[in-house]
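A short write-up of the structure that comes next.
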DNA sequence: GTCAATCTATCTATTGATAGGTAGCGATAA
DNA sequence: TTATCGCTACCTATCAATAGATAGATTGAC
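Residue numbers (the working numbering), protein chains in the order written: chain A, 1 to 175; chain B, 176 to 350.
Shown next as structure tokens:
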């Protein structure tokens, strides 16, 4: 049985990934758990605090799963694609950071900084796994291309309501 | 001198591309033009109507500029990249449809349908310009990859606050 | 008795939306 | 010529709903 905080984070992540930061309210979240909005404020003083906790947890889970997958597959790039693909298909939602990244300066600065850190870590992780025969600048470029494509593909696939769009767009990355 | 409706559309596009649909209010827009929110409702009965007018205008302008650029450059793919690049760098904002596409089912259905139509037209345009020696399915796939990458690259570049991220990510598309 | 976890109740601000009024202009009929 | 009609482009005033947030009471386990 998960705790109230965990349920709160799960629900918030789900709703924000579905509709965006501003379309989700403490009352929504509370109602989904059968509690009152004041109780949400007990765990997260401000909405901003909830957002930051959310992105931090998301990043940790993401990299844990990624490391696991990379070891299992022995193909880092395929691992990244698989993790993104699973994030999309298991929930029919885009990446939490993809949503918050799009909302840009519509969300608190501390939150968008956290989102940017996620992307940077993601890029660095990929760049690090590419063959060292490639220059550092080129590895960085390829990593940026990879993340851009995967994030864009999630958005495109949900907008067009077809997961196959993601699969097809991601396929190019393996060439 | 532009009319009030045009100023309204310009302001709304700018603000929505910056912060998202839900973070923009009729009062914001009205205040920016020095009028009252009731006057915005005079031109657009509901917020949804404004959104739809916005996406339609955006799409028309986008394809007009794209056709022009394609003729000028004689390289359709480069033209697409240039138009996206200009959309990003001239305003430091992501694509209107990129933002609304991310917000997914947080926006009215009629609006997200319009956004999806923009993406589909975009994909079809690119697929049409690729060499006919490539199969239709493969052309479609490459077109989807292209849009996904460009949309993702805009988001990534604004999140990381560095336009060069867009340029580097987009560079792979020309190979 | 203490403390975590919840509640009730309430505040202020903002939202999308509506009803109804008004100023100014061009067309038109007396 | 002038009165007035109708229209556009705004306005004031207001609504109900919802937002984030806070103060302070209650409950129950240890």
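Backbone N, C-alpha and C fix where the C-beta goes; we use that ideal spot for every residue, glycine too. This structure is a prediction, so every number in the text was calculated from the model and none was measured.
Answer with yes or no whether the minimum CB distance from residue i to chain A is below 8 Å.
i                      : result
residue 265 of chain B : no
residue 331 of chain B : yes
residue 236 of chain B : no
residue 295 of chain B : yes
residue 302 of chain B : no
residue 291 of chain B : yes
residue 180 of chain B : no
residue 340 of chain B : yes
Locate the alpha helix (DSSP H) running through residue i, then write down its first and last residues.
i                      : result
residue 86 of chain A  : 76 to 89
residue 192 of chain B : 179 to 194
residue 66 of chain A  : 47 to 73
residue 308 of chain B : Residue 308 of chain B -> no alpha helix (DSSP H), and no H or E assigned at all.
residue 344 of chain B : 338 to 346
residue 118 of chain A : 109 to 129
residue 23 of chain A  : Run containing residue 23 of chain A: none; DSSP gives neither H nor E here.
residue 272 of chain B : 271 to 278
What's the C-alpha gap between residue i and residue j?
i                      : j                      : result
residue 261 of chain B : residue 71 of chain A  : 41 Å
residue 240 of chain B : residue 293 of chain B : 14 Å
residue 4 of chain A   : residue 54 of chain A  : 14 Å
residue 259 of chain B : residue 16 of chain A  : 27 Å
residue 167 of chain A : residue 312 of chain B : 13 Å
residue 265 of chain B : residue 189 of chain B : 11 Å
residue 234 of chain B : residue 158 of chain A : 19 Å
residue 188 of chain A : residue 73 of chain A  : In the structure displayed, chain A extends from 1 to 175; residue 188 of chain A sits before or after that span and is not available.
residue 328 of chain B : residue 42 of chain A  : 38 Å
residue 77 of chain A  : residue 126 of chain A : 7 Å
residue 94 of chain A  : residue 35 of chain A  : 27 Å
residue 197 of chain B : residue 134 of chain A : 44 Å
residue 289 of chain B : residue 227 of chain B : 7 Å
residue 194 of chain B : residue 339 of chain B : 21 Å
residue 172 of chain A : residue 2 of chain A   : 40 Å
residue 44 of chain A  : residue 50 of chain A  : 5 Å
residue 352 of chain B : residue 103 of chain A : In the structure as shown, chain B begins at 176 and stops at 350. Residue 352 of chain B is therefore absent and cannot be evaluated.
residue 331 of chain B : residue 106 of chain A : 15 Å
residue 75 of chain A  : residue 145 of chain A : 17 Å
residue 46 of chain A  : residue 263 of chain B : 32 Å
residue 291 of chain B : residue 273 of chain B : 10 Å
residue 337 of chain B : residue 67 of chain A  : 28 Å
Using a Cβ-Cβ cut-off of 8 Å, state whether residue i counts as contacting chain B.
i                      : result
residue 152 of chain A : yes
residue 171 of chain A : yes
residue 57 of chain A  : no
residue 45 of chain A  : no
residue 160 of chain A : yes
residue 112 of chain A : yes
Apart from the five residues on each side of it in sequence, which residues of its chain come closer than 8 Å, Cβ to Cβ, to residue i?
i                      : result
residue 182 of chain B : 208
residue 170 of chain A : 81, 84, 85, 149, 150 and 153
residue 96 of chain A  : 13, 16, 17, 54, 55 and 58
residue 63 of chain A  : 121 and 125
residue 24 of chain A  : 12, 15 and 16
residue 160 of chain A : none
residue 174 of chain A : 77, 78 and 81
residue 39 of chain A  : 4 and 30
If you drop the 5 nearest sequence neighbours on each side, which residues of the same chain put their C-beta closer than 7 Å to that of residue i?
i                      : result
residue 57 of chain A  : 9
residue 297 of chain B : 322
residue 48 of chain A  : 108, 110 and 111
residue 132 of chain A : none
Excluding the 5 residues preceding and the 5 following residue i in the sequence, name in chain order all residues of the same chain whose CB lies nearer than 6 Å to its CB.
i                      : result
residue 92 of chain A  : none
residue 212 of chain B : 201, 202 and 205
residue 69 of chain A  : 79, 82 and 83
residue 139 of chain A : 127 and 130
With 7 Å as the C-beta to C-beta threshold (strictly closer), list the residues of the region 78 to 106 of chain A near chain B in chain order.
94, 98, 99, 101, 102, 103, 104, 105 and 106
Using a beta-carbon distance cut-off of less than 7 Å, what residues from the region 183 to 213 of chain B approach chain A?
193, 194, 195, 197 and 198
According to a CB-to-CB cut-off of less than 8 Å, which residues of the region 132 to 149 of chain A neighbour chain B?
140, 141, 142, 144, 145, 147, 148 and 149
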